[in-house]
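Scroll down for the structure; my scribbles are underneath it.
4 protein chains.
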Amino acid sequence: MTPTAVRVRRAALELFAERGFHGTGIRQLAERAGVSSASLYHYMGTKEELLVALMTDSLERLVADAQAAVATSSDPVSQLEALVRMHVTAHASRPLDTRVGDHEVEALSEPARAQVVTLRDRYEQLWQEVLAAGLEDGVLRSEHPAVARRALLEMCSGVARWFDPAGPLTLEGLADHYAALACRLLGVSPPTRRGGADICV
Amino acid sequence: MTPTAVRVRRAALELFAERGFHGTGIRQLAERAGVSSASLYHYMGTKEELLVALMTDSLERLVADAQAAVATSSDPVSQLEALVRMHVTAHASRPLDTRVGDHEVEALSEPARAQVVTLRDRYEQLWQEVLAAGLEDGVLRSEHPAVARRALLEMCSGVARWFDPAGPLTLEGLADHYAALACRLLGVSPPTRRGGADICV
Amino acid sequence: MTPTAVRVRRAALELFAERGFHGTGIRQLAERAGVSSASLYHYMGTKEELLVALMTDSLERLVADAQAAVATSSDPVSQLEALVRMHVTAHASRPLDTRVGDHEVEALSEPARAQVVTLRDRYEQLWQEVLAAGLEDGVLRSEHPAVARRALLEMCSGVARWFDPAGPLTLEGLADHYAALACRLLGVSPPTRRGGADICV
Amino acid sequence: MTPTAVRVRRAALELFAERGFHGTGIRQLAERAGVSSASLYHYMGTKEELLVALMTDSLERLVADAQAAVATSSDPVSQLEALVRMHVTAHASRPLDTRVGDHEVEALSEPARAQVVTLRDRYEQLWQEVLAAGLEDGVLRSEHPAVARRALLEMCSGVARWFDPAGPLTLEGLADHYAALACRLLGVSPPTRRGGADICV
DNA sequence: GATGAATGAGGTTTCATTCAT
DNA sequence: GATGAATGAAACCTCATTCAT
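Chains as they are written, first to last, in this note's numbering: chain H, 19 to 219; chain G, 19 to 219; chain B, 19 to 219; chain Z, 19 to 219.
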């Protein structure tokens, strides 16, 4: 990718996150990227295809990272912790990607939307499998697993909307925090883990 | 409000929630409301003023309900529980309102945006006051109160994106669930409350 | 149709005939019709749909007139003469319609093109049936009927490109001329018709 | 001309004939010619200059061939037959050239249009001179010579729109056909020519 | 109260063309 | 000789809005 191509994608990411897909004009995009609006079309197909590219890249990266997270262990609790840490870190460090991914699915028309939704489902499927394994093993507990999964994801995704890297919390600290919270949410008894350290949620 | 006026607001709420403010055209609005696009202007000022009205109504109701929730008790823990129950119930039962309120603030231009942000801040201020009181009293505990407040709100607001009234969970059950979760998030020792019942989060 | 709608169609007909469909801009169209380019869209779908409407109307009229012409007699020679007179008259008096119909079929995209081609084929089918009947009866003669049909049509259609109503020839005279010519082209022996008058082609 | 230059001209001829000058984009041209759109500009001036070149070449060839046809004899009837045979052969064997020449004159801007029209007029002038000589000699007869000339030309040019070299008719046969037809059109008494053979038109 | 007609501004995209490499 | 990158102008079309009826 040429520097200009990178600038175009960066501009799109910023503007789609700030103002939404429909709220972003092609001319604003061009201005932010530092090219003419006609030149934009060397680096993208249509505005929508640009959105699809951004979403697809972001989701594919998330899926790959999730697969890697799951692969670190065969213990559902450890897998869940790894997923949460990865998810929170991703959302805190790349909030633009995730905000666009979360808010602009409705802006896509078929068949692009179906493709993106498929990717997102694949990602959530990984969480579901880990949760299901943990619930079957009895190391995780929940009255409403489906609800718990969504609540957990919403909570973790929320960091993209407020986390400030210049704030008092490091990415590492944030990930720790949320991993512990996830365990509580799913009934993992804390004392038996990590030498019983006093983890304040 | 005449029936048509109600239909216009309902249509706007649905479409702004579905497709976003910028993604909704005045003609779609008219069609959904069952009037001509010219007639729309008997029931609203501009498209943006319609959005402002929807947001303002929704937020004012939320603020009023929050004030009522806080007034039910002078105990910070009870107040927090009441806030959570109210917030979750509102988001689960009126997801369109809250989705519009959460996503479309950026679509407003000044000075409308400032007004809406002021209302939202007033709402969050109520949470902050309850949390601050609880933390000072020592009945709530948190390493990072600001983080905890936002994480809690994100988690609770999330229900607007997934709660299904036809699903297995009642609004009541959902509110119970989240009230308990909020307590855990803020270090309220469960055994001392409600006769030590085993509340599964 | 409102006066403005008529002006829009007239403008389109003139410009599409003069400069071609692709050579005519929406702004020229608007200017010629005396409306703004945005107002144009009250009277048409897209530019292409306007072209389709013009072509369809013109062809349907031609087909109807051809059916009427054929219905005037059961004698193939008389039918052919009626067809030629009608065709020549139509092309001489409405040259814009026929020029657009002849030149701009390629500008259409599917499925509109197929519809228009179907109409045109239906029209030519009428000629073919008359010719076939005449050939079978032996009152018409041709070495290459298919060639004769196309040559005849081309010759008759050509008047749209040069006939001048202010010139020395009346529409009536023109039609006479071409009817006689068609008879010669198809081997009708002139002496037996119209009392053997000296018809100069 | 280099092979690439030939390919460019061939591509332009095909596309201008298929889709018209305004309907053909520079990028389609490049693709059909197998070069980049920038490279196109090594082989042409502007798109319009390319059209002018194609038309000029085609018309100059036509003029030269017409002059040669006229030079074959001093008998107006023979000259007319030679012109018709040449014109029909040209239109049947090079339909792209003639279609572009016939349809795209309007696409030219001045002064190019004037040049092309001058060439076309020079061509038609040759026909007119032959017809005038024949009429004066009394070997050709027509009520409306101007009409006859245009009708004759339209009829002959029409072959470019339908002649199929793979069809039943050879170029030679086609030329014979049209030469005989032209004679009839202009009142040449057939019996006195070619030993009175029964020429079926 | 209701709407068809109208429009200036702006939407996204494509145009023919140039130029540095 | 060839081309990727770039662009001003213009393409078609839709926008939110107004107004006479």
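Heads up, the beta-carbon is just placed ideally off N, CA and C, and yes, glycines get one too.
- Against G:Val165, the close residues of chain H are Leu187, in the order they occur along the chain (beta-carbon pairs closer than 7 Å).
- Taking the Cα of H:Arg140 as reference, the smallest distance to any Cα among H:Pro113, H:Gly176, H:Ala84 is reached at H:Ala84.
- Sequence-distant Cβ neighbours of Z:Glu99 in its own chain, meaning closer than 8 Å and more than five residues away, are Ala197, Ala200, Cys201.
- Around the Cβ of Z:Thr136, a 10 Å sphere holds fewer than 16 other Cβ atoms; the residue is exposed.
- Per the C-alpha coordinates, the member of B:Ser57, B:Arg25, B:Leu31, B:Thr22 positioned closest to B:Leu114 is B:Leu31.
- Taking 8 Å as the CB threshold, G:Arg202 lines the interface with chain H.
- Ranking H:Cys174, H:Val95, H:Ala178, H:Thr107 by CA distance to the CA of H:Leu153 puts H:Val95 first.
- Only Glu36, Arg37, Gly38, Phe39, His40, Gly41 from the region 27-49 of chain H bring a Cβ to less than 8 Å from some Cβ of chain G.
- At the C-beta level, B:Cys174 and B:Val70 stay beyond 8 Å of one another.
- In terms of beta-carbon proximity, H:Glu172 lines the interface with chain G, with at least one pair separated by less than 8 Å.
- Taking C-beta separations shorter than 8 Å and ignoring five residues to either side along the sequence, the partners of B:Ser76 in its chain run Arg112, Asp115, Thr116, Val118, Gly119, following chain order.
- G:Gly156 does not reach chain H, its nearest Cβ partner there being about 14 Å away, counting only Cβ pairs nearer than 9 Å.
- Residue state for G:Ser92 is assigned as coil, using DSSP reduced to three classes.
- Taken in chain order, the whole alpha helix (DSSP H) runs of length 4 or more contained in the region 95-154 of chain B are 113-121.
- DSSP, reduced to helix, strand and coil, places H:Gly176 within a helical segment of the structure shown.
- Listed in chain order, the non-local C-beta contacts of H:Ala51 below 6 Å within the same chain comprise Arg25, Val26, Ala29, local neighbours out to five positions each way being set aside.
- Take H:Leu144, set aside five residues on each side of it, and the residues of its chain with a beta-carbon closer than 8 Å to its own are Val81, Ala84, Gln85, Val88, Leu101, in chain order.
- Counting of Cβ neighbours within 10 angstroms places B:Glu67 among the exposed residues, the total staying below 16.
- Z:Met73 carries a helical assignment under DSSP once its states are collapsed to helix, strand and coil.
- Our two residues, G:Met73 and G:Arg179, have alpha carbons roughly 17 Å apart in a direct line.
- Cβ neighbours of G:Phe39 within its own chain (closer than 6 Å, five residues either side excluded): Leu69, Glu122, Ala125.
- Z:Ser55 sits in coil when the DSSP states are folded into three classes, being neither helix nor strand.
- Assignment of H:His195 by DSSP, reduced to helix, strand and coil, places it in the helix class.
- Chain B places a beta carbon closer than 8 Å to that of Z:Gly176, counting this residue as a contact.
- Identification of chain B residues near Z:Trp180 by a Cβ-Cβ cut-off of 7 Å yields Arg168, ordered along the chain.
- At a cut-off of 8 Å between beta carbons, G:Glu124 contacts chain H.
- Residue contact check for H:His105 against chain G: no CB pair falls below 8 Å.
- In this structure, the straight-line span from the alpha carbon of B:Pro21 to that of B:Ala48 is close to 14 Å.
- By the neighbour-count definition (other C-beta atoms within 10 Å, threshold 16), Z:Arg79 is an exposed residue.
- Annotation for H:Leu204: no alpha helix (DSSP H) segment contains it, and DSSP assigns it neither H nor E.
- Residues of the region 120-150 of chain G with a C-beta less than 8 Å from any C-beta of chain H: His121, Glu124, Ala125, listed in chain order.
- Cβ atoms of B:Leu171 and Z:Val165 stay farther apart than 8 Å, at about 18 Å.
- For Z:His109, the number of other beta carbons within 10 angstroms of its own is at least 16, and it is reported as buried.
- Taking 8 Å as the CB threshold, G:His109 stays off the interface with chain H.
- With a cutoff of 8 Å on beta-carbon distance, Z:Val206 and Z:Leu149 are scored as not near each other.
- Per DSSP, the unbroken alpha helix (DSSP H) holding Z:Glu32 starts and ends at 21-37.
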